[in-house]
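Taking it in order: structure first as structure tokens, then the write-up.
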Amino acid sequence: MQNKKIAIYIICAILSVYFIFTSGFVFFVMGSTTDKIDVPYSLALSKDDSIVGYYTDNDIKCAKWLAENHGDTLIYADYNGGALLMGYFDWQNTTFVLKPPCYIFLTEWNIENNKMVDGTTPGLRKYSALPDLSYAVEVFKSGEAIVYLTSLSTSAATNITDTNMQSLVFFNGGGDNSGRNYSIGVAIADENGEFIKYVGNPIIKSGGYKFDAYQAKDPWVIQIGKQYVMYFKGATSKWVDTIHYAISGDGISWVMPTGETATIPAGGAGTFDANGTSFPRVIDTGVVGTKRYRMIYTGCNAAGNYQAGYAYSSDGFSWTKGANNPVIPIGVGGTWDDVSSAMVSNPVLYDGTYYMLYGGEDGARTPQGHWQIGLVTFTDFEGAYTKYDGNPVMANDVSANSALAAQLTSGTKVVTVASTSGFSEGQPVFVAKGDLGHDQFTRIDTIDSPTQLTLVDNADANYAQTTSVVVGWDVGSIVPASLYFNGTSWINHYTAFQPYSSTVIREVSALATSPDLHSWIIDYANSPPIPYTYNNGQWDDQSSENPCVVRIKEIE
Amino acid sequence: MSEFFWLTKLSWVVRDIVVAIFCVAITAIGAYTLNTFTPYLTIVAIILITALVAKGNLSNYSIWVWCISACLVLGTTMLGHYIVGSDIHGEYFVANKGFDIDYQYVNNTSTLLVFVCPALKFIGISVIWQFKLLFPLLYSLIPVILYFAFKKQMGGIKAFYAVLFFMIVPMFFIEVVQIQKSMIAEIFLALMVYVIASKEIVGFKKNLSLAVCAMMATLCHYTIGIFAIMFLCGYYGVPFICNALRIKAIRLPYRNIKWAALPIVGLMATFFIWFGMIGDGFMLTYFNNVAHNSVVAAQAPFEEDAPIVKAPMPSSTPTNIVVAPISENPRADNVKSIGFSYMDKQEPLVRTAVGLDFFDSTIQGKAFRLIQYLTQALIVFGFLFLLFKYKEYNFTPEFIACVGTSFVVILCVVFVPTFSSLVNASRYYQACLFFLAPMLVVGVDQLCKIKR
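Residue numbers (this note's numbering), protein chains in the order written: chain V, 30 to 585; chain F, 233 to 684.
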């Protein structure tokens, strides 16, 4: 009996001492480190330490936000943050790619302790510094828990200043005669300054969200910090246009931090942009303050008039509409821009004055109207905008339009037309059947006689006499896109569209130069600046337009 | 007189229940509100209960077993407003998602998570509260089940301390409580122990009970299912061998062995049908890989340059979440100087268990290791004593067989390359304690007799 009692006391003593250790008491009191745990820890005693997957309500809110908004974008988190997210993500339906663009999820523990937790082996934890957040955008915050979005890694940040990356052109392509399926692509300038399309285009494909179900187009890209920010228009399946933004570190991979939330939403009833916003053009004034970034965009009112409006932002992401919109109102009845005055180029500051091209529409053509290019100047974004008296400074080339005088047979390139007087050698043209069932994009090689010209390409079909036409690619309408001054000339990258019918889209980029912004010379040889091949099965074989030329040196 | 005795005894039971519930409630509320002092109170209370039991001031051991168990478990699971742990979040996702036969994810193979949790959610119990309170409360009954199993074999107070040892091993209230499917599966493992220890449940009834418990454990969590298979193999296999070797302690009549087909075939059928059905049988592929790698690694266990063999398995980490930073094989760095390259293939805790990291540990680490090794030594002594003095106790031959099996499992964890990677080494140890915990008490008991 005595033995039994002694045995019980001994067991009690051993287990009590053992429990002092296994309860985590020793670990906690001795201040043991978590990168070498050689004494048991306790979750209850060490809840503030990194070994425990303990989370605050704010951490949970961030995790839920990510669950609803991350789409297929990667999420960068530390060991504990990653564990929390496992409760909200289907880990098998996404691809593992360890590179930005990605979200960065920092729990309140990360922020409070200014470090990330690395789970090495079970129980063991090591630490690392928080990632460089200088190039990341805060997209959600709850308490001290924060979700950032970054589009680039450090290596990509280096690339952005690489000379090879200094000339990009973003454009939208795709589309069909119903106006749907526009997406955004990029082309990169080669050593000769010619744009080579990126093989992975489109870089932003429409249909990823509700807001861009039908269209993702009208891109404009600037540099903020160490990343590109693209402003563009999305069109819903109900044809509501709104401006959104996406960010990227390399110009190729883009993420949309705000999801369905518009950057410039449509205005209220009765406003100039009540029916939608589009065609953003943004500049960084470099003046730090509430209005560092300025945007001119297009608003559509309830009557269908497109007019230019103004907005400003301190960071390029949160925008406030100007008080005096529209800043470029439509002209009085009977003038060249009495229906619309919108679709501007970027404003260029020169000698204290901003110069900007804009598209003016009159009612001469339906349903899409007849657009030409005008010039407007101003010294203050919130002041008066002055239309140039000689507008339009660029008109569509109505003369380059002639019916065939003889059938153009498939496989031949010599065309007999009623008159060649409106054409120029090297001019891009469409050859179109009269029933609009087929057309071909090519270029005039030589003008052989007053009624005969030779095309660069053989005809891809038989084109009937009289009903078929040869038209310049800029016969229908033109609107500006990008404007810059190279020191001697003004360069205008613009769009020519609907060359032979207002119901057939065919939007193609164009290039013109001017010494004074008033008189323009169309650069046939280098048009279209964005290579265009009609109907070749590529994503942009219907339209390839709205060239946004990013010139990094000028932005800097 | 007799009525007064029973009334007094009942009042003491009621008192103990009230106090136990009060302690558990204080612990749970303290954890939920993140009260700083509650964990210390819990530690003090548990040591106090331990001492009072030793002194003879407390008698309703099963109530105090539950009290300690629930305090330890809820002290962890009730922390804060959200679920606590690492693996638990993957379970949380599946519990909310429900069953998907094509989904290749380990948590999708747990019937608890894919069927029971959604059903409970449907009737209004949120998954968070299932994980924080409901399942932990059920889990806290395991020591009570074990107490009754051990009590049959070694008496109430010794059973209390055997179960106390089982409970205060940190895996019980730190590791397993973060894995819901394990918590519930271990209840069935505990019931298996009870059945094995029982002399009332015999014959077909015993084998059927074992089969049902093992299958339920398997359907809840494959890891516990593997343990169940191991113990059943021991349960039937070891007595067969001992019969041949004429080891008296574990000899059994042959009639028990003929029933082996029922639970083993039932369990294997459950195993292959269930895991073969989900996600194109990805779990079976995993098990196959582990076995294959063990064989490959065993062929060259001491080669310095032998590569670490890992069993490829669908990750339990979401692939769209980049956990940062990516560390480079910290385990290899830790063991390079030891000179036992085969340890590279083992869980790091195996090194701890066999004393290889003793001199690298801190002072408090050394102190802990000494007492840890003491408990391990007592377990070994206890088993050896039991083999020769089994008549002093009331252990069933099947239970002793499973104790022996547990030793074999632990030896495999230490010496069979990659075996420990199937589940964590600590989990092996915790599972074996279902049978080994009483050996610590037996060891002390017998050593005290030697002293006298």
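For each residue, glycine too, the CB sits at the ideal point set by N, CA and C. Keep in mind it's a predicted model, so treat the numbers as computed, not measured.
- Put simply, of V:Asn425, V:Gly296 and V:Leu378 the residue whose alpha carbon is nearest the alpha carbon of Asp391 of chain V is V:Asn425.
- Residue-level contact by beta carbon holds for His321 of chain F and chain V, with a gap shorter than 7 Å.
- Secondary structure of Phe346 of chain V (DSSP, three-state): coil.
- Residue V:Phe50 holds the alpha-carbon nearest to the alpha-carbon of Gln596 of chain F among V:Tyr38, V:Ile39 and V:Phe50.
- In the three-state reduction of the DSSP assignment, Ile39 of chain V falls in the helix class, which pools H, G and I.
- For Thr455 of chain F, no Cβ of chain V is located within less than 7 Å of the residue's own Cβ.
- The way I'd put it, the stretch 420-437 of chain F doesn't touch the stretch 308-323 of chain F; fewer than three beta-carbon pairs between them come closer than 8 Å.
- Think of a sphere of 7 Å around the beta carbon of Asp161 of chain V: no beta carbon from chain F falls inside it, the nearest being about 12 Å out.
- The DSSP-derived three-state label of Asn375 of chain V is coil.
- For Phe627 of chain F, the three-state secondary structure derived from DSSP is coil.
- Here Ser266 of chain V is near Ala242 of chain V, since their CB atoms are less than 7 Å apart.
- Per the coordinates, the alpha-carbon of Gly229 of chain V lies some 55 Å from the alpha-carbon of Gly53 of chain V.
- Exposure of Ile682 of chain F is indicated by the presence of fewer than 16 other C-beta atoms within 10 angstroms of its C-beta.
- In this structure the stretch 287-305 of chain V lies against the stretch 354-365 of chain V, because at least three pairs of beta carbons, one per stretch, are closer than 8 Å.
- Non-local beta-carbon contacts of Ile140 of chain V in its own chain, meaning distances under 6 Å to residues more than five positions away in sequence, involve Glu173 in chain order.
- For Ala36 of chain V, the C-beta contacts it makes with chain F under 7 Å involve Val676, Asp677 and Cys680, in order along the chain.
- Taking 9 Å as the upper bound on Cβ-Cβ separation, chain F lies near no residue of the stretch 164-178 of chain V.
- Contact between Val674 of chain F and Tyr625 of chain F holds: CB atoms are separated by about 7 Å, below the 8 Å threshold.
- For the 7 Å CB-CB criterion, Pro376 of chain V and Tyr383 of chain V form a contact.
- Taking the Cα positions, Leu512 of chain V is about 17 Å away from Lys416 of chain V.
- Looking at the DSSP output, Asp270 of chain V bridges to V:Ala264 and V:Gly305.
- For His524 of chain F, no chain V residue has a C-beta closer than 9 Å to its own C-beta; the minimum C-beta separation is roughly 23 Å.
- Within the stretch 592-665 of chain F, the alpha helix (DSSP H) runs of at least 4 residues that lie entirely inside it are, in chain order, 595-620 and 629-647.
- Among the residues of the stretch 378-410 of chain F, those with a Cβ less than 7 Å away from any Cβ of chain V are Ile389, Tyr393, Leu396, Phe397, Ile400, Val401, Pro402 and Ile406, in the order of the chain.
- DSSP places Met285 of chain V in the coil class of the three-state scheme, outside both helix and strand.
- Residues of the stretch 593-623 of chain F whose Cβ lies closer than 9 Å to any Cβ of chain V, in chain order: Ser593, Thr594, Ile595, Gln596, Gly597, Lys598, Ala599, Phe600, Arg601, Ile603, Gln604, Leu606, Thr607 and Leu610.
- Cβ contact annotation for Tyr264 of chain F (same chain, cutoff 6 Å, sequence separation greater than five): Met310, in chain order.
- With its beta carbon at least 7 Å from every one in chain F, Ser548 of chain V lies outside the interface.
- Nearest to Phe472 of chain F by C-alpha distance, out of F:Pro629, F:Gly307 and F:Ala669, is F:Pro629.
- Between the stretch 297-310 of chain F and the stretch 403-411 of chain F, the count of Cβ pairs shorter than 8 Å is three or higher; the stretches touch.
- Shortest Cα-Cα distance from Phe134 of chain V to any of V:Thr85, V:Gly116, V:Ala106 and V:Met115 involves V:Ala106.
- Nearest to Pro576 of chain V by C-alpha distance, out of V:Leu404, V:Trp249 and V:Leu72, is V:Trp249.
- Distance from the Cα of Asp86 of chain V is smallest, within the candidate group F:Pro495, F:Gly312 and F:Asn267, for F:Gly312.
- For a Cβ distance threshold of 9 Å, nothing in chain V lies close to Gly587 of chain F: the least Cβ distance comes to about 12 Å.
- The stretch 542-554 of chain V makes no contact with the stretch 210-217 of chain V: fewer than 3 CB pairs, one atom from each, lie closer than 8 Å.
- Sixteen is the threshold: when 16 or more other Cβ atoms of the shown chains lie within 10 Å of the Cβ of Trp283 of chain V, as they do, the residue is buried.
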